[in-house]
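Okay, so here's the structure we're looking at.
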Amino acid sequence: MRRIAPADASSILESYAADAAVTRHLTWRPHTNLDDTIEFVNAAIEEWETGPGFPLVVFARSDPGDLIGMFHPRAASSSVSYGYVLARRAWGLGCATEVMAWLVEHAFAHPRIFRAEAFCDVDNLASARVMEKVGMRQEGVMQRYCLHPNVSDVPRDCLMYARVK
Ligand SMILES: CC(C)(COP(=O)(O)OP(=O)(O)OC[C@H]1O[C@@H](n2cnc3c(N)ncnc32)[C@H](O)[C@@H]1OP(=O)(O)O)[C@@H](O)C(=O)NCCC(=O)NCCS
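Below you can see the structure in the form of structure tokens.
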């Protein structure tokens with residue numbers, strides 16, 4: 011896992027960003043060409059440099075050149091929130107749980123971080139399970155909380171999870 015870089019755009023496009031099954035419950039539509047992905051990567055790099063977020067790309071342990079996804083911690087006050095996405099070929103292997111468990115421990119090692127949180131669409135059961143497996147507890151259903159444009163034109167209800175120390 012490492013900080014995202016400009017050269018990652020084509021790998022991200024080929025790996026998962028154009029896959030409608032991957033983006034179904036995300037806030038963005040599948041990318042249709044490399045320009046979409048370059049714009050996305052540039053925004054992620056800028057966020058690392060100026061904003062609250064630390065977008066990370068992850069690679070397969072069996073093939074360190076194989077980009078399989080992205081994890082995106084964002085710090086705000088004493089909390090860190092997380093987004094994550096994996097290429098379909100990496101689903102169901104425990105990757106998201108492994109990386110998220112490490113990221114949450116890493117955040118809690120910081121003396122001023124007390125809360126790790128994430129949310130998902132009410133229908134995104136795989137994501138909800140990842141949050142449970144890293145020790146987050148479901149805090150409730152956030153009504154009309156987030157627009158997932160591949161599912162609906164209006165904001166969707168979401169499950170909020172958090173772990174605290
Ligand atoms: C969500 C996502 C990151 C999970 O990654 P992953 O590496 O496959 O997750 P893990 O293998 O660590 O764990 C997945 C868990 O969900 C379970 N699961 C998978 N699909 C499920 C479903 N439809 N219903 C219920 N549980 C499901 C798995 O069985 C596993 O739980 P288990 O270990 O108790 O059996 C991956 O599916 C993904 O990238 N989805 C598209 C992007 C996305 O939705 N990101 C999250 C936005 S909030």
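Residue numbering for the sequence shown follows my numbering, starting at 11 and increasing by one per position.
The beta carbon of each residue, even a glycine, is placed where N, CA and C say it ideally should be.
Everything numeric in this text was worked out from a predicted model, so none of it was measured.
Please list, in chain order, all residues of the same chain as residue 86 whose beta carbon is under 7 Å from its beta carbon, the five residues on each side excluded. Scanning its chain for C-beta atoms nearer than 7 Å, with the 5 sequence neighbours on each side dropped, one finds around residue 86 the residues 62, in chain order.
Out of 156, 148, 11, which has the shortest C-alpha to C-alpha gap to residue 170? When each option's Cα is compared against that of residue 170, the closest is 148.
Delimiting residues of the alpha helix (DSSP H) encompassing residue 50: Here the alpha helix (DSSP H) through residue 50 covers 44-60.
Using 7 Å as the cut-off, classify the Cβ of residue 136 as near or not near the heavy atoms of ligand 1, replying yes or no. Residue side-chain check: residue 136 places its Cβ nearer than 7 Å to a non-hydrogen atom of ligand 1.
Any 3 or more C-beta pairs closer than 8 Å across the segment 128-138 and the segment 147-162: With a cut-off of 8 Å on Cβ pairs, the segment 128-138 is in contact with the segment 147-162, counting three or more such pairs.
In the DSSP assignment, find the alpha helix (DSSP H) that holds residue 141 and state where it starts and stops. It spans 135-143 - the alpha helix (DSSP H) in which residue 141 sits, taken as one unbroken run.
For residue 125, collect the residues of the same chain with a Cβ closer than 7 Å to its Cβ; drop the 5 residues on either side in sequence, then sort them by chain order. Correct list, in chain order: 88, 89, 172, 174.
Counting C-beta neighbours from all protein chains within 10 Å, is the total for residue 41 16 or more, i.e. buried, or is it exposed? Result: buried.
Just to confirm, are residue 140 and residue 110 a CB contact at a threshold of 8 Å? For residue 140 and residue 110, yes; Cβs fall inside 8 Å.
Between the CA atoms of residue 112 and residue 29 - distance to the nearest angstrom: In a straight line, the C-alpha of residue 29 is about 26 Å away from that of residue 112.
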